[in-house]
């Protein structure tokens, strides 16, 4: 079952009008290096933690894609349909809690993040006091940014793909970066995503692993990481 306190977690996130949106390029780069070092940057990304409204008890924000280029996020009462988590916040240094969901549930990602990645990411966020600024989400490799617009007064949103695409540069093979053992281009692509955090443009969720019966909603670094498929 989904934690019924998820609305409390969501409502504690800073509203978009109050959220901190200035982070140094050096911090963004170091954050990107964590993802690239663990080879999870094709499936996972960061985005600016924010909300546009509040959700009622026993309700969650659910993303739906009726077509590949449109993402509609609305508040739904738990139990309306099958959903799976797609956006997570760092509750403690070794725990990430889901706070937004999607439907229909996605197929399993090619490579789930390791406990070592979550430990390093959690420690980085808390050491830099960014645990309330950045969230973790699932993405597709080289996915283009999205432009998110608020619809109505309840905080529902509609996101569409921007004309700017995140892709490799023609003829550029990348420069090897010895600090992380990955290409400079990987870092540049990740930074392009991270730079989209400021308000409207951010990577959007694409995948999560499905298990038949979700027994909880926490991603713990002390055990093998799974995303859980929830029916209500």
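Numbering (this note's numbering), first residue to last: 3 to 234.
Glycine included, every Cβ here is placed at the ideal spot set by N, Cα and C.
Under DSSP, the alpha helix (DSSP H) around residue 9 begins and ends at which residues?
In the chain shown, residue 9 corresponds to position 7, counting from 1. Residue 9 -> alpha helix (DSSP H) spans 8 to 14.
Margin query: On the CB-based measure, 16 or more other CB atoms within 10 Å of its CB, does residue 26 come out buried or exposed?
Written below: Residue numbering aside, residue 26 sits at position 24 when the chain shown is read from its first letter. By the neighbour-count rule (16 or more Cβ atoms within 10 Å), residue 26 is not buried but exposed.
task = Return the bridge partner residues of residue 69 from the DSSP annotation.
result = Against the chain shown, residue 69 aligns to sequence position 67. 72, per the DSSP bridge assignment.
Among 34, 55 and 94, the one whose alpha carbon lies nearest that of residue 47:
Here the question's residue 47 lines up with position 45 in the chain shown. That would be 34, whose Cα lies nearest to the Cα of residue 47.
> Could you check where the alpha helix (DSSP H) with residue 127 kicks off and where it finishes?
Replying inline: By one-based count along the chain shown, residue 127 stands at place 125. Segment 117 to 129, the alpha helix (DSSP H) holding residue 127.
Query raised in the report: Does the pairing of the region 66 to 74 with the region 15 to 23 give three or more beta-carbon distances under 8 Å?
Result: no
By DSSP, does residue 158 sit in helix, in strand, or in coil?
Walking along the chain shown from the start, residue 158 turns up at place 156. Strand, per DSSP.
* In terms of alpha-carbon separation, which member of 115, 122 and 158 lies closest to residue 42? -> As a first step, residue 42 must be located in the chain shown, where it is residue number 40. When each option's Cα is compared against that of residue 42, the closest is 115.
Q) Do residue 57 and residue 103 have their C-beta atoms closer together than 8 Å? A) Taking the chain shown and counting its residues from 1, one reaches residue 57 at position 55. Taking the chain shown and counting its residues from 1, one reaches residue 103 at position 101. The answer is no: Cβ separation not under 8 Å.
Rounded straight-line distance, which links the Cα of residue 125 to that of residue 38: Your numbering for residue 38 matches position 36 in the chain shown. Your numbering for residue 125 matches position 123 in the chain shown. One C-alpha to the other measures close to 16 Å.
Exercise. Tell me, please, which residues DSSP counts as bridged to residue 63.
Key: For the purposes of this step, residue 63 is identified with residue 61 of the chain shown, where counting begins at 1. Looking at the DSSP assignment, residue 63 forms a beta bridge with 77 and 102.
Within the same chain, show all residues whose beta-carbon is closer than 7 Å to that of residue 158, passing over the 5 residues directly before and after it, in chain order.
Here residue 158 refers to the residue found at position 156 of the chain shown. Hits under 7 Å: 75, 76 and 77.
Could you give the distance in angstroms between the alpha-carbon of residue 90 and the alpha-carbon of residue 97?
What you label residue 90 is simply residue 88 of the chain shown in a count that begins at 1. What you label residue 97 is simply residue 95 of the chain shown in a count that begins at 1. Answer to the nearest angstrom: the Cα atoms are 10 Å apart.
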